[in-house]
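S.K.: Top to bottom, those sequences are chains A and B.
Heads up, the first sequence is in our numbering, so the first residue is 1 and it goes up one at a time.
Heads up, the second sequence is in our numbering, so the first residue is 1 and it goes up one at a time.
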Amino acid sequence: MGTALSVPAQTQSARVRAQGSGHTIQTAITIISIVLVGIALIPALVQMFLDKPLYYPDARFTIQNIVALVSDREVTATFGATFLFCSIVVLVSMALGTSSAILIGRTDLPGRSAFLAILLWPLFLSPQVIGFGAILAYGPAGLLTIWFSDATGLTEPWNLYSVPGMAVVAGIAATPVTTLYCLTAAIQQDPNQEAAARIAGAGSLRILFRIILPIMRPALIFAFIMNIVNALETLAIPLIIGGPVGIKLLTTLIYDKSFESAGLPQYGLVSALAFALMAIVGVLFFLQRLALRQSHRFVSVGAKSIQPKMLALGSWKWPAFLLMAVYVVFGVVVLVGAVFARSLTFILSPDVSFFDAVTLQHYSDVLSVEVYRRSILNTLLLAVVGGALGTAFVAAVAMVAQRSNYRYRRVLDAVAQLPRVLPGLVVGLGVFYASMFVPGIDLLRNTIWLVLIAYLIRFLSSGYGIVSPALLQITGDFDRAAKSVGAGWTTTMTRIVLPLSKQALLSCFVLLMILIIKEYSSAVFLMAPGSEVIGSTMLSLWTQGLAGPVAALAVMQIVLTSILTSIVTRILGVKLHG
Amino acid sequence: MADVVVTDLSRHYGSFIALDEVSFDVKDGEFLTLLGPSGCGKSTTLASLAGLDRPTSGKISIGGRTVFDSESGIFIDAQYRDLGLMFQSYALWPHMTVYKNIDFALELRKIRGAEAKQRIHETLEMVDMGAFVSRYPGELSGGQQQRVALARTLAYRPQILLLDEPLSNLDAKLRERARLWLSDLQRRTGVTTVYVTHDQSEALALSDRIIVMERGAIAQIGSPEEVYERPATAFVADFVGASNLFEAILETDGLGSGKITLSSGQKLTVEGPINLPSGPVIVSVRPEKIELSAAPDKQNVLAYELEARSYLGARNLAVVKVGSQSFRVECDTIPGTPNGLLSIPETEIRVFPTAEAGGRRSH
Ligand SMILES: Nc1ncnc2c1ncn2[C@@H]1O[C@H](COP(=O)(O)OP(=O)(O)OP(=O)(O)O)[C@@H](O)[C@H]1O
Ligand SMILES: [Mg+2]
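Shown next, in the form of structure tokens:
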């Protein structure tokens with residue numbers, strides 16, 4: 001070693017040694033992600049500036065579509081209704097969700113755990129099913145509507161087919177998610193803060209408003225924004241409730257414009273509308289980041305060894321119980337019950353005895369008619385394959401973004417979060433366009449694999465949202481230790497990080513399956529004979545007035561979700577919440 | 001086994017300089033310790049050696065191979081450096097048994113079958129953990145985990161062993177035992193070792209040489225005796241062995257020795273050679289070198305007043321006052337009287353330039 005070392009030229013292998021191994025795979029994962037998200041965005045972006053559908057050779061550049069956003073009467077007319085709809089949805093969901101979360105997570109309300117179990121049902125139901133349930137129970141000819149008017153003598157006690165009517169239903173559909181966000185925050189609170197207030201002489205109500213709610217603020221802000229986003233992009237409920245009576249929101253307008261029977265579909269306007277929707281959603285997420293920037297540091301996630309003492313409700317106990325019971329019965333049980341009852345009867349009416357109307361016909365139809373059966377099988381296949389593929393993809397993305405020194409990992413992180421601001425309709429539209437132009441993808445046209453691509457894009461952020469925080473909790477020392485004994489990136493990931501994040505990956509798998517079974521909006525543009533899913537079949541049956549098979553399909557959807565989740569949770573021992 | 005040469009190594013985080021042109025070498029088979037207060041750049045140095053962090057500039061070669069050179073753009077990733085790194089957190093992989101934890105590195109080196117088995121058992125025996133092969137890390141105590149972590153880094157016979165505060169998670173008693181056992185192990189295997197700690201007694205007990213670091217730079221390199229007996233700066237004197245540090249005025253006599261004047265006006269003689277000009281200086285005296293109940297005819301005798309005392313077990317600690325100046329004194333017995341005479345041998349007084357005059361690096 002006495003002689004001077006000559007400096008070797010930087011060869012290919014030296015470069016690999018500098019970057020560490022896995023560079024090729026990291027690049028591949030990044031490119032795939034960018035391509036996938038690009039598929040959803042770019043065609044629609046181009047279409048926005050064309051006067052005819054993208055696939056017309058004589059399509060020309062125009063900004064008319066964007067101008068139409070503010071000048072077209074039909075478009076501007078939806079703004080008011082959309083605003084009213086969103087306000088009511090958010091109000092209902094936030095009010096019901098936060099009060100349930102606090103009552104269940106923080107107080108001595110009787111029957112807390114039973115309430116929680118029922119209250120979370122709608123998580124597993126598609127909004128479509130909730131909409132059907134609402135029409136069956138609370139529509140003008142609905143069971144409860146008729147009972148109520150018979151009992152009170154009011155001819156029209158409420159009007160479901162109105163913006164407030166469908167907004168309340170959409171709000172109820174969104175409540176469980178709000179409850180979950182707030183519940184975690186409510187349970188994780190340090191009971192000592194409350195105890196300190198109590199010692200200082202504060203009563204229960206004061207503790208609620210001065211301590212519990214302020215500490216939950218980050219969760220409340222998060223839930224608030226998520227609710228607005230969800231309300232903005234929701235399609236199913238406005239479509240089935242508002243559609244027949246001509247109420248149009250931004251999403252239903254997009255839907256109508258794309259399937260206009262007369263003349264050319266107005267894809268340019270559709271794209272412009274979709275991007276307008278996306279822009280609003282994007283701004284909301286930006287505001288959320290801004291609002292949560294400091295506060296997320298205050299959320300304590302340390303394991304609490306002591307069970308927090310529950311706030312005593314005192315004389316409020318039974319009134320609170322009653323209110324909860326009213327919500328759970330009329331907001332959840334009745335909706336689900338109506339769908340179940342309808343699936344088992346020819347007709348659901350107070351004038352006909354349930355037992356006279358009972359039949360298994362709808363179920364036998366659903367299982368024997370080719371289209372119905374195919375849509376169930378397709379959904380099942382998509383759920384399992386999509387869940388598995390999606391989880392693998394999410395895991396790969398999360399590892400590059402969180403666990404590598406890849407140069408563009410921040411970019412990948414952003415790309416993985418992007419689909420969160422993409423409404424399902426936009427994703428569906430993008431994939432639909434891609435299937436027209438992109439070589440390779442066009443082979444998948446009219447097959448469920450095209451739907452699969454849409455789902456993978458659509459739910460990338462949802463899965464990433466579960467896996468990436470879980471990865472952050474695994475200390476980087478494990479990777480560094482592996483690296484120091486000579487393991488490359490790929491080996492470290494597959495042998496160390498992957499096994500350690502098993503729980504999160506299984507939760508991701510279950511979540512993706514549930515989301516895929518429920519999903520509808522990103523699939524509407526991609527439906528073709530042979531590639532139906534439960535959601536699309538239900539909608540077309542509903543428009544034909546075949547409520548019975550729809551209800552049976554809805555029940556099948558619920559059953560499918562329960563079976564798949566219980567298989568995974570039981571056999572593999574995944575915890576769904578927490 | 002190999003030697004390490006580090007030249008002008010710097011690491012900047014934005015405008016913050018965590019390492020400032022550090023140069024040192026580690027000889028083949030040597031046990032070298034990086035010692036310094038929290039945040040002085042020890043872990044940063046170790047991470048640079050390991051290849052887990054890319055320094056801003058400088059050069060590192062290990063066993064004659066350049067693993068980092070900012071000038072020619074060479075940087076070899078940790079994966080290819082063939083070093084053993086033990087983490088402060090141990091970082092044992094929780095989903096693998098003790099056996100698997102060690103086997104992983106062997107598998108990567110294509111050492112399989114009987115040879116792998118033999119090596120794993122050999123290494124585990126070496127750290128007295130032979131009985132625990134099939135346990136998971138979660139089923140081991142802190143001390144046992146520490147030994148497994150060490151076995152994991154030793155089993156594949158790395159060129160160099162890098163240890164980042166490996167004993168800091170252990171309680172005082174275990175730490176004492178682990179220290180003896182670690183130095184014994186290092187001697188037996190003869191592996192070149194770079195050890196990081198902020199505990200001076202650990203450093204003194206284990207090392208062939210110590211590098212004392214201060215704010216991203218090296219304050220002194222030397223054997224434990226050198227660092228302890230002849231600290232290069234006031235900082236080293238204070239950090240290693242907790243000296244009494246105080247300001248005084250130095251007058252040199254031109255012959256190499258001199259006198260210092262305390263703030264109380266009393267004078268002490270200092271043995272030469274002193275290579276500082278007359279003027280304000282910082283003086284360091286070790287607590288155990290001060291003698292209480294001294295005879296009046298001894299060197300450098302001062303009258304003191306006993307201020308506080310505490311019992312340390314084998315020794316006693318007294319705090320005494322000379323004028324306005326407090327001294328900590330370690331001795332076997334503390335005189336019962338509240339006043340007395342103390343003496344400070346002139347060979348035990350170190351003088352350093354004041355911060356303004358000479359900066360922290362005196363030579
Ligand atoms: N990623 C980083 N960004 C900015 N500054 C950093 C970073 N990592 C380390 N530093 C700073 O560099 C300095 C040296 O850090 P280092 O971890 O080497 O300290 P240390 O000597 O190991 O301390 P300790 O004994 O506490 O482990 C510290 O002041 C630290 O704040
Ligand atoms: Mg450190």
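Every residue gets a Cβ at the ideal spot worked out from N, C-alpha and C, and that includes glycine.
Contact criterion: CB-CB distance below 8 Å. Does Ala504/A meet it with respect to chain B?
M.R.: no
S.K.: Using 8 Å as the threshold, is the C-beta distance between Pro580/A and Ala173/A below it?
M.R.: Nothing about residue 580/A can be read from this structure; chain A reaches only from 1 to 578.
S.K.: Can you tell me which of Val329/B, Ala50/B, Ala178/B and Leu306/B puts its alpha carbon nearest to the alpha carbon of Gly84/B?
M.R.: Ala50/B
S.K.: Which of the three DSSP states, helix, strand or coil, is assigned to Arg81/B?
M.R.: coil
S.K.: Tell me, please, which residues DSSP counts as bridged to Ile212/A.
M.R.: None, per the DSSP bridge assignment.
S.K.: If we ignore side chains and look at the alpha-carbon of each, how far apart do Val371/A and Thr178/A end up?
M.R.: Cα-Cα distance, rounded: 36 Å.
S.K.: Looking at the unbroken beta strand (DSSP E) that takes in Val319/B, where does it start and where does it end?
M.R.: Asn316 to Val322
S.K.: Return no unless some Cβ of chain B is closer than 8 Å to the Cβ of Ile571/A.
M.R.: no
S.K.: For a contact meaning CB atoms closer than 9 Å, what does Arg409/A contact in chain B?
M.R.: When 9 Å is used as the limit between beta carbons, Arg409/A is near no residue of chain B, the shortest such separation being about 16 Å.
S.K.: Pull up the distance between the alpha-carbon of Leu335/A and that of Ala134/A, whole angstroms please.
M.R.: 6 Å
S.K.: What runs of the alpha helix (DSSP H), each 4 residues or longer, lie entirely inside the segment 197-240 of chain B?
M.R.: Secondary structure within the segment 197-240 of chain B: the alpha helix (DSSP H) runs of 4 or more consecutive residues, fully enclosed, are 200-206, 224-229 and 234-239 (chain order).
S.K.: Taking Val326/A as the reference, which of Ala170/A, Ser100/A, Trp147/A and Ala504/A has the closest Cα?
M.R.: Ser100/A
S.K.: In three-state terms, what does DSSP make of Gly340/B?
M.R.: Strand, per DSSP.
S.K.: From this set, Leu9/B, Val5/B and Pro37/B, which residue's C-alpha is nearest Glu214/B's C-alpha?
M.R.: Comparing alpha carbon positions, the residue from Leu9/B, Val5/B and Pro37/B closest to Glu214/B is Pro37/B.
S.K.: Residues in the same chain with beta-carbon distance under 6 Å from Val559/A, minus the five sequence neighbours each way, listed in chain order, please.
M.R.: none
S.K.: Beta-carbon within less than 8 Å of Leu471/A's beta-carbon, same chain only, minus the 5 sequence neighbours each way: which residues are those?
M.R.: Ala398, Met399, Gln402, Arg403, Val497, Ser501 and Ala504
S.K.: Going by DSSP, name the residue or residues bridged to Pro439/A.
M.R.: Partner(s): none; Pro439/A has no beta bridge.
S.K.: Figure out for me which residue from Ala137/A, Thr184/A, Leu344/A and Leu277/A has the closest Cα to the Cα of Leu116/A.
M.R.: Comparing alpha-carbon positions, the option among Ala137/A, Thr184/A, Leu344/A and Leu277/A lying closest to Leu116/A turns out to be Thr184/A.
S.K.: Less than 8 Å separating the beta-carbons of Glu346/B and Thr252/B?
M.R.: no
S.K.: Please tell me whether, using a cut-off of 7 Å, the distance from the CB of Ala18/B to the nearest non-hydrogen atom of ligand 1 is below it.
M.R.: yes
S.K.: Might you give, ordered along the chain, the residues of its own chain that have their beta carbon closer than 6 Å to the beta carbon of Thr66/B, omitting 5 neighbours on each side?
M.R.: Ile74
S.K.: May I ask which residues mark the beginning and end of the alpha helix (DSSP H) holding His362/A?
M.R.: Gln361 to Ser368
S.K.: Pick helix, strand or coil for Gly279/B, following the three-state DSSP scheme.
M.R.: strand
S.K.: Any heavy atom of ligand 2 closer than 7 Å to the Cβ of Ser315/A?
M.R.: Ser315/A Cβ: outside cutoff for every heavy atom of ligand 2.
S.K.: Measure from the C-beta of Gln144/B to each C-beta in chain A and report whether the shortest distance is under 8 Å.
M.R.: no
S.K.: How big is the Cα-Cα spacing for Ala149/B and Leu106/B?
M.R.: 15 Å
S.K.: My output table needs one value for Pro335/B: the three-state DSSP class, helix, strand or coil.
M.R.: coil
S.K.: 8 Å is my cut-off, CB to CB: does Leu124/B come that close to chain A?
M.R.: No, because no Cβ of chain A sits closer than 8 Å to the Cβ of Leu124/B.
S.K.: Leaving out five residues before and five after Val339/A in sequence, what residues of the same chain have Cβ atoms less than 7 Å from its Cβ?
M.R.: Val129, Phe132, Gly133, Leu136, Ala551, Ala554 and Val555
S.K.: Regarding Ser43/B and ligand 1, is the C-beta to nearest heavy atom distance less than 7 Å?
M.R.: yes
S.K.: Along chain D, which residues have their Cβ under 7 Å away from the Cβ of Ala105/B?
M.R.: Reference to chain D is not applicable here, since the protein chains of this structure are A and B.
S.K.: Taking DSSP's pairing of strands, which residues face Arg11/B in a bridge?
M.R.: Leu19/B
S.K.: Report yes or no: is there a C-beta of chain B within less than 8 Å of the C-beta of Ala303/A?
M.R.: Unreliable placement is indicated for Ala303/A, whose pLDDT of 41 sits below 50; the coordinate value is still reported in the next sentence. Ala303/A is outside the set of residues whose beta carbon lies under 8 Å from a beta carbon in chain B.
S.K.: Going by beta-carbon coordinates alone, are Arg458/A and Ser536/A separated by less than 8 Å?
M.R.: no
S.K.: Does Asp477/A come within less than 8 Å of chain B when only Cβ atoms are used?
M.R.: Yes, contact with chain B.
S.K.: So, do the segment 157-168 of chain A and the segment 83-94 of chain A have three or more beta carbon pairs nearer to each other than 8 Å?
M.R.: Proximity of the segment 157-168 of chain A to the segment 83-94 of chain A meets the contact definition, three or more beta-carbon pairs being nearer than 8 Å.
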